[in-house]
Every structure is written in structure tokens, then in C-alpha cells.
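In the numbering used here, the protein residues as written are 3 to 460.
Just so it is clear, CB atoms sit at the ideal spot from N, CA and C, and this is done for glycine as well.
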């Protein structure tokens with residue numbers, strides 16, 4: 003490892019250019035097939051799946067049986083559209099609202115498209131709405147009349163209320179399609195697969211936006227909830243990852259008070275995350291709930307070794323005065339503990355590959371890969387970056403400079419705090435141990451009270 007660091011310090015520009023080229027290649031491997039799939043058909047595009055079923059392997063007996071029974075009984079995933087009108091004494095049974103219900107029911111049946119020779123979208127034949135349900139009535143002695151429940155929108159209030167009365171006489175529809183008080187009505191729209199729920203729901207929302215009948219419209223369903231969960235999950239990741247970077251940056255600034263120096267751990271974290279997620283997607287893996295959290299795990303781990311190097315460099319540089327020699331002594335001292343802690347962290351996350359849950363396997367493998375990549379980048383990029391900083395930037399740098407100039411802003415207060423904590427721990431060892439055991443007991447009781455809820459809607 004020391005030879006790698008020596009080479010990086012000897013050729014710092016080459017090290018930085020290689021890291022930049024690596025990042026651009028990984029970004030390209032993901033962006034090109036995702037944005038231009040027809041131009042780059044041999045590359046793997048970004049695929050996102052928030053379906054909880056992927057927590058089980060495709061050949062898992064439970065999942066296979068579940069899918070077989072869905073096919074056997076013709077069960078499809080449903081999008082449920084609800085319309086409520088509490089401001090009218092007749093509820094949804096007004097000509098205006100029922101006209102929109104009729105329009106939406108007919109429109110939903112047209113949301114179908116072709117994908118690779120296969121029809122996707124709404125399964126119109128199985129849709130449940132007043133426009134597609136049968137109405138069976140006695141037409142006379144020995145005669146039965148079959149008709150649609152709502153063959154056309156009612157034109158008068160009397161016709162609308164007559165429709166409500168017909169539904170009330172049918173137990174299978176009352177409190178299923180229509181609420182008992184007549185204030186709400188539902189349309190059940192089956193879809194070919196969960197993957198199309200977002201597209202179908204988007205078209206339905208666009209159609210509903212044009213209605214002005216005073217009613218309130220809702221779109222729901224398990225597939226919609228899962229899709230919304232996925233959207234919110236990625237929003238949180240988009241917020242949490244930059245927030246973590248900012249927090250790490252602020253903490254390191256409090257320690258070192260040199261922005262130009264603490265940029266190097268940020269570069270290590272960014273390249274490590276880009277490389278890890280790029281490899282995950284380029285290898286054809288689907289980004290799911292767990293793999294979306296990989297950056298949050300890799301990012302703080304990636305800066306750990308860099309902080310060790312910078313901290314030791316901060317202490318030694320004032321005595322040595324030469325960057326290259328200081329780096330050599332720092333790495334002589336730190337290479338073993340840094341390597342061992344990296345390997346043990348990789349082993350811990352890598353052990354998740356032994357679990358029978360595919361997303362957990364993917365998570366463990368790629369976090370381990372990200373940690374190892376971060377270590378390699380730390381022992382190359384950080385020394386290279388230090389060598390590229392102008393020598394004048396190190397004037398007044400280090401712990402010795404802090405002692406000579408307390409107003410320089412370096413963390414003498416933090417050093418005193420850590421020293422005081424160490425003295426307290428030594429003097430109150432038994433008290434600390436008893437406190438730890440008490441906290442452990444409370445934590446054990448808390449663990450016993452955990453209630454597992456795997457309902458994605460909640």
C-alpha cells in the first residue's frame with residue numbers, strides 16, 4: 003500500500019485525472035443506455051423497482067405459487083379511483099358527476115399500448131365501473147333483461163337517482179361500487195403489471211384535472227402506494243445524501259479549518275459513490291429500496307480513512323515541514339490499521355451475500371465494494387491532492403501552529419475536551435460500566451417491545 007501512495011504522491015496530476023476518467027466512465031455506463039437505449043442496446047440501463055416481492059428470489063416457492071394462483075383466478079393489480087361529493091344532498095348521483103364518471107370509465111379502457119409485441123396498460127374487460135357492469139332486471143313474465151348499469155350518462159336528476167336506486171337493490175354493488183349513503187363511488191381499474199401503475203395513474207390524473215363538477219377525486223391502490231413509496235424513497239435519498247455530505251464537510255471544517263484540505267475526503271466519497279452505484283447498475287442490477295441506501299452507507303465510511311490521514315498529517319507537518327516526507331511517515335504508521343479496518347468492514351457487509359434475500363445480498367456486496375474502493379481512493383487521491391496544494395497554503399498549518407497562535411481557529415478546545423473525557427473515563431470506570439449495563443438493560447426491554455409491520459401502505 004505504501005508503494006501505491008508513493009506513486010500517487012509522485013504523480014499527483016495523473017492520479018487525479020485517472021479518478022476523473024473513472025467517474026466519467028461509470029456515469030456514461032449508466033446515463034447512455036438509460037437516456038439512449040436504442041443507440042446503446044448492449045449496455046444495461048437504470049432500472050428501479052419498489053415492489054416488495056423482489057425481497058424473494060424469482061424461483062422462491064412462495065412467490066411462484068402466489069403468481070400461479072393470480073394467473074389461475076385471473077387476479078390483476080388494481081388502481082382504485084374514488085369520487086366523493088359531500089356538498090350535494092344527492093352525493094355523486096348528479097348528472098354532472100355521473101357524466102364525468104362515465105367519461106373516465108370509458109377513457110380508462112383506452113389506456114393501452116404495445117411494448118415489444120405485448121399489450122400493456124389497463125385490462126379493459128375486467129374493469130369495474132358503472133359503465134362496464136351488467137344490470138339484470140325482470141322485463142316481464144318469464145323475461146329477463148340484460149343491460150349495462152349506466153349505458154349513457156343520466157341527463158336529469160331523476161335519472162341519476164334512479165341509477166342510485168338500481169345499485170341499492172344489488173347487494174354485490176351496494177357498498178362496493180357505491181357507498182351506502184350515496185356520497186361516494188368507486189371505479190376499479192385492473193392493470194397488466196404493477197410497473198405500469200405510474201403511467202396509467204398519470205393519464206387518469208390528467209383526465210380528472212379537466213372535471214369541474216364539485217366532486218373530490220382520489221386515486222389509490224396497492225400498486226399506487228408502492229409506486230408513491232418508491233418516489234418518496236428516492237426523494238429522501240436525494241435529500242439525505244447531499245445533507246450527509248454537507249454535515250461531514252462542516253464537521254471536518256470544524257476540525258481542520260482548511261477548506262482546501264478537506265475537499266479531498268469529499269472527492270473520495272463522491273468518486274466512491276459514483277463507482278459503486280455505477281457498477282451496480284452497469285452489472286444489470288435493479289435499484290430497489292435497499293440498494294438506494296448504498297450511498298448513505300458508503301459516503302461516511304469513505305471519509306474515515308481520509309480523516310485519519312489528515313489528522314496525523316495535521317499533527318506531524320509542523321515538525322517535519324515537508325509534505326512528501328510527512329505523508330511517508332503518516333502512511334508508515336497508518337497503512338496497517340487502515341487496511342485491517344477496511345477488510346473487516348468489507349467482510350461484515352460482504353457476509354450479507356450469504357442471506358437468502360436477493361436485495362440484501364446486492365446491498366451487502368456493493369457496500370463492501372464501495373468501502374474497498376473508498377480505501378483505494380483514500381491512499382491515492384488524498385496524498386495526490388495534498389501534493390497539488392500550493393506550499394503557501396500550509397503556512398501556519400498544524401497543531402504546533404495552533405499552540406503558537408490560539409486565535410488561528412484550530413481545535414485546541416476540542417483537544418482539551420477529549421483529554422477531559424479521557425481523564426473522566428479513567429477516574430470513573432466503574433460508574434461508566436454500570437451506566438452502560440443499565441442502558442443495555444433498557445435497550446433490551448425496548449427491543450422486546452418491537453412490533454413488526456410489513457404492510458407497505460402503513
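CB contact flag (residue i, residue j, <8 Å)
i	j	result
residue 283	residue 48	yes
residue 191	residue 124	yes
residue 50	residue 232	yes
residue 199	residue 113	no
residue 270	residue 308	yes
residue 251	residue 312	no
residue 152	residue 100	yes
residue 372	residue 298	no
Counted within 10 angstroms of its Cβ, other Cβ atoms place residue i as buried (16 or more) or exposed
i	result
residue 133	buried
residue 384	buried
residue 187	buried
residue 455	exposed
residue 196	buried
residue 216	exposed
residue 102	buried
residue 68	exposed
residue 118	exposed
residue 15	exposed
residue 156	buried
residue 95	buried
residue 219	buried
residue 73	exposed
residue 318	buried
Residue i to residue j span [Cα, whole Å]
i	j	result
residue 272	residue 441	37 Å
residue 20	residue 453	49 Å
residue 310	residue 343	12 Å
residue 268	residue 316	17 Å
residue 404	residue 362	For residue 404, the predicted model reports a pLDDT of 48, less than 50, meaning its position is unreliable; a value from the coordinates is still stated below. Between residue 404 and residue 362, the C-alpha separation is close to 47 Å.
residue 409	residue 417	Bear in mind that a pLDDT of 44 at residue 409, under 50, signals an unreliable position, so the model cannot answer this.
residue 333	residue 30	34 Å
residue 352	residue 338	21 Å
residue 447	residue 65	35 Å
residue 463	residue 426	Since the displayed the chain opens at 3 and closes at 460, residue 463 lies outside it and no answer follows.
residue 433	residue 451	28 Å
residue 178	residue 161	21 Å
residue 12	residue 386	8 Å
residue 246	residue 302	8 Å
residue 166	residue 108	20 Å
residue 228	residue 38	27 Å
residue 380	residue 77	53 Å
residue 208	residue 110	12 Å
residue 286	residue 230	24 Å
residue 420	residue 348	29 Å
residue 263	residue 204	48 Å
residue 2	residue 163	In this structure the chain extends from 3 to 460, so residue 2 is not present and cannot be described.
residue 397	residue 423	31 Å
residue 9	residue 34	33 Å
residue 355	residue 327	41 Å
residue 41	residue 25	21 Å
residue 211	residue 55	33 Å
residue 261	residue 428	35 Å
residue 289	residue 98	44 Å
residue 248	residue 300	15 Å
residue 322	residue 378	26 Å
residue 170	residue 93	14 Å
residue 28	residue 392	30 Å
residue 173	residue 44	55 Å
residue 444	residue 437	11 Å
residue 406	residue 17	Its pLDDT being 47, under 50, residue 406 is placed unreliably in this model, and the coordinates cannot settle the point.
residue 306	residue 121	51 Å
Minimum C-alpha distance to residue i - residue among the options
i	options	result
residue 59	359, 421, 451 and 170	359
residue 46	300, 129 and 32	32
residue 130	106, 119, 140 and 118	106
residue 281	369, 357 and 262	369
residue 138	293, 298, 175 and 307	175
residue 148	155, 158, 136 and 157	136
residue 294	74, 201, 42 and 242	242
residue 201	115, 152 and 126	115
residue 89	168, 185, 390 and 254	185
residue 91	341, 253, 357 and 183	183
residue 222	140, 189 and 181	189
residue 213	104, 336 and 127	104
Whole-angstrom C-beta distance between residue j and residue i, which should lie under 8 Å
i	j	result
residue 235	residue 52	7 Å
residue 7	residue 278	In fact, because the Cβ distance is near 22 Å, the residues do not count as touching under 8 Å.
residue 325	residue 388	6 Å
residue 292	residue 374	So it is not a contact: roughly 19 Å between Cβ atoms.
residue 193	residue 61	No, residue 193 and residue 61 are not in contact; Cβ-Cβ is about 25 Å, not under 8 Å.
residue 376	residue 431	The Cβ separation is near 35 Å, so there is no contact.
residue 314	residue 341	Actually they do not touch by this definition, with Cβ atoms about 15 Å apart.
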